[in-house]
Structure formats: C-alpha cells, structure tokens
Amino acid sequence: MSIDPHAPPLRGSLPPEGAAFSSWGGPAMKTSPHAPPLRGSLPPEGGAFSSWGGPAMKTSLLAAALLLTALPPIATQAQTAAAAPAWQRDAVPFYDTVHALQGIYGHWALPRAKDFDQSARALAPAVAALCQAPASDSKTALAAARTAWQATARAWEQLTAVSIGPVIARRSQRAIDFTPTRPALIEKAIAAQPQGAKAFERIGTPAKGLPALEWLLWTRPVQPGSPACSYAHEVAQDVARESAALQAAFTTAAGTDWGAEDEQEQSTQAISEFVNQWVGGIERLRWAQMEKPLRAAGSGSGSRTPDYPRSASGDTLAAWAATWAGLRSVTALPANAATPAPGEALVPLEMYLRGKGLNPLADKLHQAASKVDASMAQVQKAGVQNKASIQQTAKDLTALKFLAESEVAPALQVSIGFSDADGD
C-alpha cells in the first residue's frame, strides 16, 4: 500500500522525521511570539512562570514555597494521628450495664483476686521458712518474708481500691486489713498460740491480718523458732485462707450472666455498688490514708510523724501508688490503650460515658484523673516528708470525688449512698 505524502497522519501516529508535532496533521503550528502560551505549557527559555500569559507570579510562588515549608512532613502528621487516643481514631461502641459488669468482674476484679491469692499463698511458706531458718540465715529469711509480705500487700491494695462484691460480702477488709493494729492483743494471741482456722476465729481482728504481720516482721521482728514466729505463720495462713475464698467468689461472680432476665435487678444493684465503692475508694485514699494522718500529726513544734498506712514497713508510697493504680484503671483509659470491645475488656468509666455520647463529661473525668496522676507522681518523687505534695494530691482527689458524685453518678443514674465498708 502506497502512502500519500499529502494525506493527514493517522490519529496517534508520529509526525514525519524532522517535522514538528501538530494537532491532527496539517502543517506544523508556528507559535506566535505574541500568543498566550497553552495552559500547562512551559514558559519560553529564560522567562518566568506566568498564568495564561500574564505577568510573572514571583510573589505567589514565594508564598507557596513558604506554605509548603510550614506544613509538617507527612510522616509527622501520621505519627500525630497515631498518637491520638484510640477513642479519637476509632468509633466508640455503645456500652450497657452488662458490658460494664462483665469488664469489672471478669477483666478487673478476677485478675486482681488471682494475683492476691498467688501472693498470699507464697507468703505463708516464706514466713514458715523464716521460723525454721538457722541463726546464720535468719537475716536472709527475714528479708524474704518481708518481700513476700510487700507483694501480698500491694496485690491486696490493687484489689480493694474499689471494694466490690465478695470483698464487701465477706467483710474482707476488716478481717485481714484492720487498722490500727493492737500490739497488746498481738502479744496475747502469741501467748495463746492458736492453730488452724477454727482457733483463729477467736482472735480479734486488731491482732491479725496484714497490719499485724507487718508489726511482727518490722516493728518487732520475730526470731526463728520463737512463739512469735509461729503466730506470724498462723497469721500468714489466715490471710491465705481469705485470699483463696476471695478468688473462688470472684470466679463465680465473673461467670454471672448479667444480661439474664432474672439477673436484671442484681445487675442494677451491682453497677450501683461499683460506682459507690469507686467514690468511696477515692475518699478512702484521700482522707483515711493521706489527709487524716497528716492532720492528726499536727504542725509546728508539737507535731509528730504522721501515721500513714504501711509506715512500719516503709511501704507507704507503694501502698498509695497501688491503690491509685487500682482506682485509675476503672476511671480512665490509658493513652495508648485500644478502645475496649464490649464484653471482652474492662470498660473504664470514661469510656462508658463516651459510649453514651457524653464526651464533654468524659473529658472532664479524664482531666481530673490526669491531675491526680501528676500530683501522685510528685508525691512519689518528693516522699512522705513533703506535706505540700501530699496536700495537693488530697486536693486533686477531692476534685475527682466531687466530679464523681455531682456529675458522673447522676449521668449513670446512680445514687450515692453509704456502705458499711466505707469506714473500714
């Protein structure tokens, strides 16, 4: 087939060698020096960029360059988005009372009850080893028993930060954490040498439990082979019996079908108890554990060392930290935590509120908890001798409690009352 040299080229074909590109054939289009450039075309060599042939836009280019410089890199923007709390990135599901109770009992209380039981079961053998230790190993054995006591006390403080269900039903706080301990009653119990659960029931609460064992390990350290050491072992065994009973009770509670029709009344009571004990736990930390001992110690020349909890063991700061950790975990979601799935994780009160669309109140609760975080961290840094930091923490706990009573509880349709555990 011969090609007509004058025929227009096929669409999409290349121009003849040496010819300029043209639109749909025909002679190559000569560009008039006065014609505006085609939109998107490059400027003539040496010329500045212009818009459709207008004057050069140097100012606009400079502004655009400055804007690009001011914008954060894409990687930084992605990091910022990733650092945002989970509830800001993901949709927060609706949580009902059933989800809340499943989280509280199954994913908060039960794991803590197991931790307490595990620690308590290790405490009794540690004290037994102390009682049987030769004189040459007594210091090492005493240190091991003290360490076991500290682990047990911290696990207990985490569990009872919010005293719910079995802890209240069994009056466990009174049974194994009664304060103040009574040295005279401890001495009397040592002389009686009770052995076994039945015999121990006749011993008064001020002479047993964790405070009594603290006194026996620190205030007047027991010696191997002594009657006092034998009694200390019985005290440790009594704590272990209570821990086992609590774990069993919380295991049963965690298996409750809170959504069953015949459990509706119990579910309503359980969530009300939880909120009340949460408020009570905040107040107990603020008043009984921090502010009351500080005030009772007085000020000026007549002041004395405050009788803070766990003072004999020097474990006061750890006790406060463990208690606040337990309280905070049910109050607000950690910054890096995932949004809890309904029925599969603990739903902190902050997220419970967000699930109900109450974001402003949830924000206030999160901020109040964060203030306690900051002041409690300062207490841990400054120590128990720094009254100002302790007073600031008490003040922040007061603000958190006020928000809980005045806004959070009403939003959850819970009335704040008084339980017999509040004063323990």
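All residue numbers for the sequence shown refer to my numbering, where the first residue is 16 and numbers rise by one.
For glycine and all other residues, C-beta sits at the position ideal for the given N, C-alpha and C.
- Spatial neighbours of Leu418 in its chain, beta-carbon cut-off 7 Å, leaving aside the 5 residues before and after: Lys379, Leu380, Ala383
- So what's Phe109 in DSSP terms, helix, strand or just coil? coil
- Distance CB(Lys386)-CB(Ala426) smaller than 9 Å: no
- Message: Alpha carbons only, please: which of Ala259, Pro195, Leu116 is nearest the one belonging to Glu278?
- Response: Leu116
- How should Asp192 be labelled, buried or exposed, when 16 other C-beta atoms within 10 angstroms of its C-beta is the threshold for buried? buried
- Task: Whole angstroms is fine: what's the gap from Tyr323's alpha carbon to Gly274's?
- Result: 42 Å
- Query: So, using beta-carbon positions, are Ala206 and Ile218 closer together than 9 Å?
  - Reply: no
- Task: Determine, using beta carbons only, whether Ala333 and Arg343 come nearer to each other than 9 Å.
- Result: no
- Item | Other residues of its chain near His248: CB distance less than 6 Å, five sequence neighbours each side excluded | Val142, Ala143, Cys146
- Just the Cα atoms here: how many angstroms apart are Pro198 and Trp230? 8 Å
- Message: Taking the beta carbon of Lys213 as the centre, do at least 16 other beta carbons fall within 10 Å, making it buried, or is it exposed?
- Response: exposed
- Message: Just to confirm, is the Cβ distance from Trp171 to Ala135 under 9 Å?
- Response: yes
- Can you tell which of Asn291, Gly121, Gly270, Ala336 has its C-alpha closest to the C-alpha of Leu300? Ala336
- May I have the straight-line CA-CA distance separating Lys416 from Asp330, to the nearest angstrom? 25 Å
- Buried versus exposed call for Phe109 [16 or more other C-beta atoms within 10 Å across all chains shown]: exposed
- Assuming Val107 and Thr354 form a contact by the criterion Cβ under 8 Å, report the distance between their Cβ atoms to the nearest whole angstrom. 6 Å
- Which residue comes first and which comes last in the alpha helix (DSSP H) that contains Leu386? Strictly speaking, residue 386 in this sequence is Lys, with Leu absent from that position. Looking at the DSSP string, the run of the alpha helix (DSSP H) that includes Lys386 is 374–397.
- Buried/exposed call for Leu225, threshold 16 Cβ in 10 Å: buried
- Answer with buried or exposed for Thr320, where buried requires no fewer than 16 other C-beta atoms within 10 angstroms of its C-beta. exposed
- Query: Between Thr74 and the rest of its own chain, which residues show a CB-CB distance below 6 Å, the 5 nearest in sequence each way excluded?
  - Reply: Note that Thr74 scores a pLDDT of 49, beneath 50, so its modelled location is shaky and nothing firm can be said.
- To the nearest angstrom, report how far apart Ala128 and Ala268 are at their CA atoms. 12 Å
- Taking only the alpha-carbon atoms, compute the straight-line gap between Gln407 and Ala158 and give it to the nearest angstrom. 34 Å
- On a CA-only basis, which of Phe131, Glu202, Leu309, Leu348 is nearest Val237? Give me that one, please. Glu202
- Task: Hey, could you find the ends of the alpha helix (DSSP H) Trp171 is sitting in?
- Result: 153–174
- Query: Quick one: is Lys154 buried, meaning 16 or more other Cβ sit within 10 Å of its Cβ, or exposed?
  - Reply: exposed
- Query: CB of Asp130 to nearest heavy atom of the ligand MN: below 8 Å?
  - Reply: Looking at this structure, you won't find the ligand MN or any other ligand, since it has none at all.
- Query: Looking at Glu298 and Arg185, is the spacing between their C-beta atoms short of 9 Å?
  - Reply: no
- Query: How would you call Lys396, buried or exposed, if buried means at least 16 neighbouring beta carbons within 10 angstroms?
  - Reply: exposed
- Query: Who are the Cβ neighbours of Leu368 in its own chain at under 6 Å, not counting the five residues just before and after it?
  - Reply: Leu376, Ala377
- Which value, in whole angstroms, describes the spacing of the CA atoms of His114 and Pro221? 39 Å
- C-alpha gap between Arg235 and Ala150, whole angstroms: 17 Å
- How is Lys371 classed by DSSP in three states: helix, strand or coil? coil
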